[in-house]
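Chemist: One structure is given below, represented as structure tokens, and several questions about it will come after.
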Amino acid sequence: DEDVVISNGRVVTFLADPDAKLTRTRGNGAILTVRDSGTSLSVYDLSISDAPNSPSGIGCVIPTASGAPSLKLARVKVLRNPGGGISISGAQFSITNSIIAANGSGNSALGGVQINNITVGGTHVLDFNTITANFGPATIHTGVACSTVIPPLTFSNNIIYANIVSGGGAQVGGDVNCSTSYSDIGP
């Protein structure tokens, strides 16, 4: 019933039974936050859902020192977080075989996945996921939104479909250094 913060260079792995759920019923902020240089979190087979307020279900934030935290999600469900699904800033990440659905709201800063402040190379994978039914205010990219991305990133084999967009927003958009291949995107 509280937020989980992984920091201070810790290396943590969550292995969950099928249908296990991490949720939060009160307070503000992400259900799960990864921060600080050298910190690493790997999550397998867990549902992260129903955060009561913003910023998102999962936050992976830029560290205050040099280096970056690392987030690995495999077979994870990020569902029904009104502040948004996954927010990654200045971190390495690998998100595979996961479902990111029904996140965001008319007041949230993001819908499904937000990736920003990626200024150096490293691991940046968003492959084999379903990103759908996410929502946000007009003009934001509600499936996958990228900003301030320096190294070219290509995300592949995703279904990014039926996210609710309006006012110039798109399923996938933002920085020109984020692209997709072999993916089903629309409408």
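Heads up: the sequence shown begins at 6 in the numbering used here, then just goes up one per residue.
Beta carbons: idealized from backbone N, C-alpha and C, even for Gly.
1. Who are the Cβ neighbours of L51 in its own chain at under 7 Å, not counting the five residues just before and after it?
2. Would you report the Cα separation of T69 and D189, rounded to the nearest angstrom?
3. Helix, strand or coil for A106, going by three-state DSSP, please let me know.
4. Quick one: grab the DSSP three-state call for S45.
5. Taking the straight line between their C-alpha atoms, what separation do you get for G172 and T144?
6. Assuming G141 and G178 are in contact, meaning their beta carbons sit under 8 Å apart, how far apart are those beta carbons, in whole angstroms?
7. State buried or exposed for I91, treating a residue as buried only when at least 16 other CB atoms are found within 10 Å of its CB.
8. Going straight from the alpha carbon of V130 to that of Q97, what length do you get?
9. Residues bridged to Q176 by DSSP?
10. Using 9 Å as the threshold, is the C-beta distance between T30 and P57 below it?
11. Just how far apart, CA to CA, sit S110 and G126?
12. Is F140 helix, strand or coil by DSSP?
13. Below 6 Å CB to CB, which residues in the same chain sit around P156 once its five sequence neighbours on both sides are set aside?
14. In angstroms, rounded to a whole number, what distance separates the CA positions of T159 and A106?
Modeler: The short version:
1. The residue you call residue 51 lines up with position 46 of the sequence shown. Contacts found: F19, A21, A25, L27 and V81.
2. Here the question's residue 69 lines up with position 64 in the sequence shown. Here the question's residue 189 lines up with position 184 in the sequence shown. Confidence in T69 is poor, its pLDDT being 46 and thus under 50, which makes the residue's placement too unreliable to answer from.
3. Stepping through the sequence shown from its first residue, residue 106 is reached at position 101. Strand.
4. Walking along the sequence shown from the start, residue 45 turns up at place 40. S45: strand per DSSP, three-state reduction.
5. Stepping through the sequence shown from its first residue, residue 172 is reached at position 167. Stepping through the sequence shown from its first residue, residue 144 is reached at position 139. When rounded, the distance between both Cα atoms is 5 Å.
6. Locating residue 141 in the sequence shown gives position 136, counting from the first residue. Locating residue 178 in the sequence shown gives position 173, counting from the first residue. With 8 Å as the limit, G141 and G178 do not qualify as a contact, their Cβ atoms being about 12 Å apart.
7. Within the sequence shown, numbered from 1, the residue matching residue 91 stands at position 86. Its Cβ being crowded by 16 or more others within 10 Å, I91 is buried.
8. Looking up residue 130 in the sequence shown gives position 125. Looking up residue 97 in the sequence shown gives position 92. When rounded, the distance between both Cα atoms is 8 Å.
9. Within the sequence shown, the letter at position 171 stands for residue 176. According to DSSP, Q176 bridges with nothing at all.
10. Along the sequence shown, read from residue 1 onward, the residue named residue 30 stands at position 25. Along the sequence shown, read from residue 1 onward, the residue named residue 57 stands at position 52. Yes, Cβ-Cβ distance for T30 and P57 is below 9 Å.
11. Taking the first residue of the sequence shown as position 1, residue 110 is located at position 105. Taking the first residue of the sequence shown as position 1, residue 126 is located at position 121. Distance between the alpha carbons of S110 and G126 is about 32 Å.
12. One-based indexing of the sequence shown puts residue 140 at position 135. Coil.
13. Working through the sequence shown from its first residue, we reach residue 156 at position 151. Excluding positions up to five away in sequence, the list reads G126.
14. The count along the sequence shown starts at 1 and reaches residue 159 at position 154. The count along the sequence shown starts at 1 and reaches residue 106 at position 101. Approximately 21 Å between the Cα atoms of the pair.
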